[in-house]
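**Student:** Questions regarding the structure given below will be posed in turn.
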RNA sequence: GCCCGGGUGGUGAAACGGUAGACACAGGGGACUUAAAAUCCCUGGCCGCUCGCCGGCAUGCGGGUUCGAGUCCCGCCCCGGGUACCA
């Protein structure tokens, strides 16, 4: 072989790495560790998506770089393999989901290996492997024992015609995606996880994380902590109290009415006979609406007077009680006090129903619009004259003294619905006895395996297909008591919540991971994946991690120290890649045509990792030509002879090399892959027209190129006479002396405009530079137009004259 | 509405407050070739002219700070993503 042929080089080195277990890693306390994690893929039938290799390439480059810098690198890969598609395929074709899943995994593994990533494949995990989900079940038991798992009746998407419960994504406009049958909300027995118990810690611990600020902000918003007060309002003429949550207790004197959610428990009790018919009709109407319809879609706030009045605890005022479906039963206390003068929603409602609007904070005209900003309290008795902040504190203290309210914190975050009525998921390791007692599986009994079933069709009752396997479901304990196994299974999130922990000790049969491995490898130093997981996966995972921290199984509060989101890769037409648009790029085709190294290089050359950017076939062609050019620096295309010589390198060549080392090293540290590649292109462009091929320069270039294009780099390294892989060869070091230029081009400006350029010695003095600049005819011309008021000299950059008058 | 990103050549993009457009794609010209491909070299924001080491205009728009602004500040416009009657 004389020409660069990736089809020959790439399989050769992939085989070498595999046979020599080049990237197998163990604990080595003599080196600093680097745990670099990719979001593991769901192995779909469609094969690897072009978006996957972007993040994987970035992490692989970094891992190879870190190895060369002496780090002990953990870089694993696995499969988030439970999921709906395999079960749907099973329902249609009768194929066991595990068969479909294994076939898909095989294809994904082949595609990923074809890109030459330096994973330690001995640590591969598969969430559907009983050896893996054994420990997922184990973690569930720990959650249960901590009181963080409980059963509740929760509404699900029930489709009568299909006889099954549907995921949100299977429901479109209130109809089933398959068949278009009606879907209703039906309460079912579900497992819940008490993530809300960790809300504060999930919020606070974001502070120390090196994550994109936007993602942290999204998590904060999702948790939605709001500080305020609960205030009790006595209902006039009833022995009943309405408790409201408000973030603005300071505006309590401005409350002119109240609104209850239609599903509020007191509605039926306090509604007067005269209002009863209207209220019932309204309650009935809103029960058919989803929260989405009640909130997002409704532009108009609607409500109905219940006929009842409540007493404002601060001033004894009697204010009407309404119901309105813009108040949600599930948020806060399901009741609000309305302060139309200082809340926009309340203002709109008050205008519509002719309710009084009172000013309690100065600074606006509450008859024209709600004033939500700061100001001085008025018409507010004991808090008159205070600013908003002090007024809040004073009024809460006052309410607490009289036991009519208290400071309170409210969260938007809900507990996590943790069960699915599916076959293809982790079984819950527990039995329900006839008397209602729950018996947990013993750790030694794990895993509770998925039984084989006759059919994957839904049971028809809403329960999972597992409910139809009577000899699996029905159990008799050794003591004779009878029970039923849990037939719900866990959601796909379960397996992905802790996979980063399994990687550190993936073949441990005795424990999910060892304490030594945890202490050595955690936390994950860098986690790279798509922004679509910004909230749910990352929040759930953090939650489990904190529980594991509390039971002493992990020693860090947070699992992922640094997070980077790769951007979306669009189709060549600039649109999101999709089958229907026919703009999907298949990695297999790119590799076949240009090679894996060119594919890797182009994925990184397109632009910053985080940016959304379109694919370009001619762009791949461009980086492939760069690799061809680089190859020809080393190998004679016709004779296959090595062109590299032992001759001493010229200072210019050394300077070019050392500048390149500096640039590539700095850029890799900052994950600026695109500009690092540009720097290598510049070095190749520098060498191409020159005859000299000094070994020291050519070896340096090969090592710089290695993280990006490892196959071709290994091949060149071998041709340079080395017997072993370059994966652990020390990263080249640049020398400050070598990168110094003899002369520097100065820009000469007059009044900020460029009027000339000047090559000056690198060590030129200010005086000499200014004198030389004045000599330039074009500069002198402009200087002559007025008086030089000021001269600016920036070393190594420019001389700037400020000229006044003319 | 709110919160994050982002607006730079024909295109993807570079640019410690210091020569805007590195690097690459597409384009134009040339060399090699019988020819083509491949390769190599040159060119390359827009406008103007006296064609130069020339001048003017240029980083979404309008202001400001500065000797100097793509970069910092203020006010707008547009695009992408996220998110919401959350009291």
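Numbering (the numbering used here), first residue to last: 100 to 905.
Don't be surprised by glycine CBs; every beta carbon is placed ideally from N, CA and C.
Determine the contact status of residue 108 and residue 811, defining contact as a CB-CB distance below 8 Å.
**Tutor:** Contact flag set, yes.
**Student:** First and last residue of the beta strand (DSSP E) that includes residue 762?
**Tutor:** Taken as a continuous stretch (DSSP letters only), residue 762 belongs to no beta strand (DSSP E), being part of the alpha helix (DSSP H) at 750-768.
**Student:** Who are the Cβ neighbours of residue 448 in its own chain at under 6 Å, not counting the five residues just before and after it?
**Tutor:** Cβ within range, chain order: 400.
**Student:** Nearest-angstrom Cα distance between residue 558 and residue 263?
**Tutor:** Looking at the two C-alpha atoms, the distance is approximately 7 Å.
**Student:** Return the Cβ separation of residue 527 and residue 239 in integer angstroms, given the expectation that the two are a contact with Cβ distance under 8 Å.
**Tutor:** Indeed, because the Cβ distance is near 7 Å, the residues count as touching under 8 Å.
**Student:** Kindly indicate which residue of 823, 866, 804 and 298 has the alpha-carbon position closest to the one of residue 161.
**Tutor:** For residue 161, the nearest C-alpha among the options comes from 804.
**Student:** With which residues is residue 148 paired in a DSSP beta bridge?
**Tutor:** Paired residue(s): none; residue 148 is not in a bridge.
**Student:** Any chance the CB of residue 370 is under 7 Å from a heavy atom of the ligand COA?
**Tutor:** Because no ligand of any kind appears in the structure shown, any question about the ligand COA cannot be addressed here.
**Student:** What first and last residue would you give for the alpha helix (DSSP H) that runs through residue 717?
**Tutor:** Residue 717 -> alpha helix (DSSP H) spans 716-733.
**Student:** Tell me which residues share the same chain as residue 170 and place their Cβ nearer than 8 Å to its Cβ, disregarding the 5 neighbours each side in the sequence.
**Tutor:** Hits under 8 Å: 130, 131, 132 and 133.
**Student:** Under a three-way DSSP split, which group does residue 531 fall into?
**Tutor:** Three-state DSSP puts residue 531 in a strand.
**Student:** In whole angstroms, what is the alpha-carbon distance linking residue 670 and residue 683?
**Tutor:** Rounded to whole angstroms, residue 670 to residue 683 spans 6 Å at the Cα level.
**Student:** In its own chain, which residues sit with a C-beta less than 7 Å from the C-beta of residue 889, not counting the 5 before and 5 after it?
**Tutor:** So the list reads 901, once near-sequence residues are dropped.
**Student:** Are the region 654-663 and the region 309-317 touching, with three or more C-beta to C-beta distances below 8 Å?
**Tutor:** Touching, per the Cβ criterion.
**Student:** For residue 215, does the count of other Cβ atoms within 10 angstroms reach 16, so buried, or fall short, so exposed?
**Tutor:** Label assigned to residue 215: buried.
**Student:** Which class does residue 827 belong to by DSSP, given the choice of helix, strand or coil?
**Tutor:** Three-state result, residue 827: coil.
**Student:** Where residue 499 and residue 505 are concerned, what is the direct C-alpha to C-alpha distance, given to the nearest angstrom?
**Tutor:** Using only the alpha carbons, I get a separation of about 5 Å.
**Student:** Can you give the Cα-Cα distance for residue 409 and residue 402, rounded to whole angstroms?
**Tutor:** Those two C-alpha atoms are separated by around 16 Å.
**Student:** Going by beta-carbon coordinates alone, are residue 696 and residue 778 separated by less than 8 Å?
**Tutor:** The answer is no: Cβ separation not under 8 Å.
**Student:** For residue 567, count neighbouring C-beta atoms within 10 Å of its own C-beta (all shown protein chains included) and say buried if the count is 16 or more, exposed if not.
**Tutor:** By the neighbour-count rule (16 or more Cβ atoms within 10 Å), residue 567 is buried.
**Student:** Using three-state DSSP, classify residue 397 as helix, strand or coil.
**Tutor:** Low per-residue confidence applies at residue 397: pLDDT is 48, beneath 50, and the placement is therefore not dependable, though the value from the model is reported in the following sentence. If DSSP states are grouped into helix, strand and coil, residue 397 belongs with coil.
**Student:** Go to residue 584, then tell me how far its beta strand (DSSP E) extends in each direction, as first and last residue.
**Tutor:** Residues 581-584.
**Student:** Are the beta-carbon atoms belonging to residue 351 and residue 433 less than 8 Å from one another?
**Tutor:** Not in contact: residue 351 and residue 433 (Cβ atoms no closer than 8 Å).
**Student:** Would you list the residues sitting across from residue 858 in a DSSP beta bridge?
**Tutor:** Residue 858 is bridged to 844.
**Student:** In this structure, how does DSSP classify residue 286 when only helix, strand and coil are distinguished?
**Tutor:** Strand at residue 286.
**Student:** Does DSSP put residue 905 in a helix, in a strand, or in coil?
**Tutor:** Because the pLDDT at residue 905 is just 48, under 50, the model does not fix this residue reliably, and the point stays unresolved.
**Student:** Using the Cα positions of residue 735 and residue 873, report the straight-line distance between them to the nearest angstrom.
**Tutor:** Spanning the two alpha carbons is a distance of roughly 51 Å.
**Student:** Considering only residues of the same chain and omitting the five flanking positions on each side of residue 596, which have a CB-CB separation below 6 Å?
**Tutor:** Counting only Cβ-Cβ distances below 6 Å, and skipping sequence neighbours, we find 639, 640 and 643.
**Student:** Quick check on the burial criterion: 16 or more other C-beta atoms within 10 angstroms. Buried or exposed for residue 164?
**Tutor:** By the neighbour-count rule (16 or more Cβ atoms within 10 Å), residue 164 is buried.
**Student:** Taking Cβ positions, are residue 421 and residue 444 nearer each other than 8 Å?
**Tutor:** No, Cβ-Cβ distance for residue 421 and residue 444 is not below 8 Å.
**Student:** Once the 5 residues before and after residue 305 are set aside, which same chain residues still bring their CB inside 8 Å of it?
**Tutor:** So the list reads 315, 318 and 319, once near-sequence residues are dropped.
**Student:** Whose CA, out of 840, 834 and 756, lies closest to the CA of residue 799?
**Tutor:** Measuring from the Cα of residue 799, the nearest candidate turns out to be 756.
**Student:** Considering only their Cβ atoms, is the gap separating residue 180 from residue 227 smaller than 8 Å?
**Tutor:** Yes, these two residues count as a Cβ contact at 8 Å.
**Student:** Quick one: grab the DSSP three-state call for residue 887.
**Tutor:** Residue state, collapsed to three classes: strand.
**Student:** Does DSSP put residue 317 in a helix, a strand or coil?
**Tutor:** Three-state result, residue 317: helix.
**Student:** Under a three-way DSSP split, which group does residue 109 fall into?
**Tutor:** The answer is helix: DSSP assigns residue 109 an H, G or I state.
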